[in-house]
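Before any comments, here is the structure.
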Amino acid sequence: MHLRVRALADHAILRRIYEQRLVAIDKCRDRLLQNARVQEETLTNMRNYVATSLQSMYRGWKGRLVAADVRRRHYAAIEIQRVARGLLGRRAAQRERRKQNMVLQSPWAMKQLLERSKLVRTVGSWQEWCDPWTTEFFYFEMYTQDSQWQPPPPYTAFLHCDWAECGYVATTMHEIHQHKRSAHKWYCDVCQARNVGYSFPICPYCAVGMTTPAIVDARDWPLATRRASTVTAHDTHDVVPPVASPKRRDSAVRRASLRPRTASMEPPRDTTDTSGLLLATTAIRPCDSTAFDHVMWLSAFEGVASAFAKAQYPSGSLYVGDFADGACHGWGEYYYANGDQYRGQWANGFRHGFGLWESACGKTYKGQWRDGVKHGVGLLTFPNGETYEGEWDAGEIHGRGVHSSANGDVYVGDWDHGVHHGFGSLTKANGNSYRGMFVHGRADGIGILTADGEVYKGNWVRDVRDGRGVCFYANGSIYSGTWANDMCDGAGVFVSAMGEKYVGHWRRNLKHGRGRYVFANGDIFDGTFSDNMANGLGVYRHVATGDVYTGPFASDKYDGHNGVYAWASGTLYEGAFVDGHIHGKGRITYFNGNSYAGDFVQAQKHGFGEFKWPNGNVYLGAFAFGRINGRGTMVYSSGHTYDGDWVDGTRHGSGTFIYANGDVYDGDWVHDEFHGIGMYTWRPGSSLQEAYEGEWHHGIRHGRGTYTYVDGTIYDGDWVSGKRHGHGRYLWPNGDYYDGAFDDETQHGDGVFQAHGGDRYEGAWERNVRSGAGRIVYADGNVFVGSFSNGRRHGPGTMTYADGNVYAGLWLHDERQGGGIYTYHATPTDTLRLRVFGV
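Residue 408 is where the sequence shown starts when you use my numbering, and the numbers rise one by one after that.
Right, dumping it as structure tokens:
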């Protein structure tokens, strides 16, 4: 045996030496081949290098010529482009400057502006226009259709102040007009009216021409603090006043005050009487004074068609100003009995033209009048600071105007009968603003709202957002779509500040209906919404992982039957979902071919189900927390079958395992191993059937158990590591049995063997044979007590026969050997026969 093992070892050593030599030969061959390839590649490179050097000499000279030609053409092209771009750039800049200087860039808008504006004057090809809505001057070129705010060169002369000894030069028409209104005020010597500079030398109230103005302090008001007449005494004596009636007591004084002043502030140099000429110049047509009988005249003319007078009415009101044909006509001041005042123009007894009205409560109106009511352009101011400046019609705010509330709110735009109507801009004191269309005082139409950092652009209906519109929220979110009753309603797009996006239908500011939601992490949901949450059928795509869910939703979670979840790895689930988790009946097919159909709880296999492996294994039974747990049946592709208890995917508890060859184990299991009490049957039902019933430990027979062999023998006793070991009982089919100690599958130690013939051995055993001290009781009654060796009586021993005789001596190989003591047990009838040798 040792020689064979040594030969095998030597053979293995020689084999390894041979293999190592083969490997060394292969490496040497590879190294030689590599060196040959390197040498061949070196030669090839040298040949290529020589050829490349020759080519480079030629290509270098020719390449330099080509590069020089290309550079020349490139520089020429750059120069041409520079010139062309410079020309085109200057033309583009000129067009841009012309475009920027234009009043309005849209031809249609410019046409509308010209239609509503008033032509002031035309100088050359330039026209000066005034916009009545904004009172702004602009200029229009008739041939090129250009427009601009600043006066063109032909209008430079109009920007110089033509007042004597005033060299002011303005830049705009507004500045020159403001200068003439504020810097050069003068009084008419005839009517004592206070005039502005640009009306000199014609008084707009009495139409009397002046030559040199009398500059007065701006605080003077001609009708409140009238200056004393500058007519000299001898001029007064030369004037022949008409006869005054008793009701016109101070008519002479009035006539004297109405005489024209001298041409300068100094006394006249020529003392020639010119009163007749002056009277002829200022002759006033007589009028019927019967219409003024109810008025108490304070100063007036008798019998003239028009006059400057002061009259007090029975109501207590006082009028100072021009009269014509029995009515207030011209310029005058009216002091109402309730404290109100009006200063301005009159026509036929009505406030008509430009005037200033001040109420006793503090309200003032400065502007145009017609037929006694506000009409035209005017400024209305309230005591609390509230103002309106704009157009009026028949006493109502109508047209274009600016309204500033006492709380700081400002409205600029169109009005209709006292309410906002048309296009306008409303700015609140807190900074919120609306710019757009109004209808009957409410936002209606297209408009832009800016409030609390939010901006809305779109349609309005009765002060609420309604129709198409886009809203930019303060946090950066954006909504664009349909509105209804100031809420998102209909189709729309919402983009949050975090990057989330929703495209779909809305209802009452909530996502409702079909829509798509794109999350900040890239996930996408397509489906149905209800009350701002996903409800109904939909598709959810996980962009990061590639997973896709298709099926019903409830309250933003997967919920319902017939849902499908597909993992990017290929795993697919079809079945029920509850509260965002796989829950209920369903089927899942894994990417590796595994499949499960059955109950789920919280996305884990839990309950009763069937699991199939791609190798053909099938499990049908209970699951718990994603693992096989409980009672179930596993059918293996190899033909094995297990029916019993499972714990965490392993056979654990009580169960029956049927092998493909027919073997059966029925008993206890622990972690996929026979453990506990169980019965294993080999080839059941056949003539070769064997069975073991008893204790198992980690898949092997260990402990107490009974084994029935194919030949009918039975062992009942202790087992250790799958072998008979310890105390046991071995029963043969013929009735023999052994009851005693076993060691390593053999009868070893003390034991009792009972033969079916009646023999009985009690004593020591060694490897299935009697060895050592023992006792045999034979079926015929004989009893041997002594030593045994190799199954035979060997050594000292005592045989007691059935008749009572006893032999004590040595035994060798089951035979008496040598001398011994034979004790005879005599009965009363026995006789002893002796044979004496030698007698």
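Beta carbons are placed, not taken as given, at the ideal position from N, Cα and C, and that holds for glycine.
In whole angstroms, what separates the C-alpha of tyrosine 749 from that of tryptophan 515?
43 Å
Return the chain-ordered list of same chain residues with a C-beta closer than 7 Å to the C-beta of histidine 1082, the five sequence neighbours on each side being excluded.
Asp1075, Trp1076, Trp1103, His1104, His1105
Quick one, which of Glu803, Asn882, Trp1172, Glu740 has its alpha-carbon nearest glycine 860's?
Asn882
Can you round the beta-carbon distance between lysine 918 and asparagine 939 to whole angstroms, since I take them to be within the 8 Å contact cut?
5 Å
Residue range of the alpha helix (DSSP H) that includes lysine 592:
Note, lysine 592: premise wrong, no alpha helix (DSSP H); not H, not E.
In whole angstroms, what is the alpha-carbon distance linking glycine 728 and alanine 716?
6 Å
Would a C-beta distance cut-off of 8 Å place glycine 1060 and arginine 1034 closer than the cut-off?
no
Out of Tyr741, His736, Tyr1144, Ala734, point me to the one whose CA is closest to glycine 723's CA.
Tyr741
Is it buried or exposed for threonine 637, if we count other Cβ within 10 angstroms and need 16 for buried?
Confidence in threonine 637 is poor, its pLDDT being 34 and thus under 50, which makes the residue's placement unreliable; the coordinate value appears in the next sentence. Exposed, since its Cβ has fewer than 16 Cβ neighbours within 10 Å.
Please state whether the Cβ-Cβ distance between valine 1071 and proline 1091 is less than 8 Å.
yes
Nearest neighbour of alanine 830, chosen from Ala836, Gly815, Gly838, Ile853 [CA to CA]:
One point to set straight first is that residue 830 is phenylalanine, not alanine, in the sequence displayed. Of Ala836, Gly815, Gly838, Ile853, the residue nearest in Cα terms is Ile853.
Looking at the unbroken beta strand (DSSP E) that takes in proline 959, where does it start and where does it end?
955-961
Which value, in whole angstroms, describes the spacing of the CA atoms of valine 985 and glycine 993?
12 Å
If you compare alpha carbons, which of Ala734, Leu494, Thr1040, Leu520 is closest to tryptophan 753?
Ala734
Let me check understanding here. Comparing Cα to Cα, which of Met1206, Ala1186, Tyr1185, Gly1181 lies closest to serine 1194?
Gly1181
Go through its chain and collect everything with a Cβ distance to phenylalanine 1032's Cβ below 7 Å, but skip five positions before and after it.
Gln1011, His1013
In terms of alpha-carbon separation, which member of Trp1172, Asp1143, His968, Val430 lies closest to glutamate 1152?
Trp1172
C-alpha gap between tyrosine 1122 and arginine 1111, whole angstroms:
10 Å
Can you tell me where the alpha helix (DSSP H) with glutamine 519 in it begins and where it stops?
514-523
Rounded to whole angstroms, what is the Cα-Cα separation between leucine 1138 and tyrosine 1144?
4 Å
Looking only at its own chain, which residues have a Cβ that is under 8 Å from the Cβ of arginine 875, when we skip the five neighbours before and after it?
Gly865, Asn866, Gly888, Thr889, Trp890
Span separating the alpha-carbon of leucine 786 from that of phenylalanine 761
11 Å
Let me know the beta strand (DSSP E) ranges lying completely inside the stretch 1029-1068, each 3 residues or longer, listed in chain order.
1034-1042, 1048-1054, 1057-1065
From Ile609, Asn839, Glu1222, Gly1188, residue whose alpha carbon lies closest to that of glycine 397:
Residue 397 falls outside the range modelled here, since the chain spans only 408 to 1246, and no answer is possible.
Three-state secondary structure assigned by DSSP to lysine 770:
coil
Out of Gly1142, Asp1150, Asn1141, which one is the CA nearest neighbour of glycine 1133?
Asp1150
Stretch-stretch touch, CB-based, cutoff 8 Å, three pairs: the stretch 788-806 with the stretch 763-778:
yes
With a cut-off of 8 Å on the beta carbons, I'd call threonine 857 and serine 832 a contact; round off their distance for me.
10 Å between Cβ atoms; not a contact.
Within its chain, find whatever has a CB closer than 6 Å to the CB of histidine 949; leave out the 5 residues flanking it on each side and keep chain order.
Asp930
Under 8 Å by Cβ, that's how I've got glycine 991 and alanine 983 pegged, so tell me the actual separation to the nearest angstrom.
3 Å
Indicate the three-state DSSP secondary structure (helix, strand or coil) for glutamine 488 in the structure shown.
helix
So glycine 815 packs on glycine 808, CB below 8 Å; how close in whole Å?
Actually they do not touch by this definition, with Cβ atoms about 18 Å apart.
From the DSSP output, in three-state form, read off phenylalanine 565 for me.
helix
Secondary structure at serine 551, three-state DSSP: helix, strand or coil?
According to the sequence displayed, residue 551 carries threonine and not serine. Coil at threonine 551, not helix or strand.
Residue(s) in a DSSP beta bridge with threonine 529:
Gln534
Alanine 1215 by DSSP, collapsed to three states: which one?
strand
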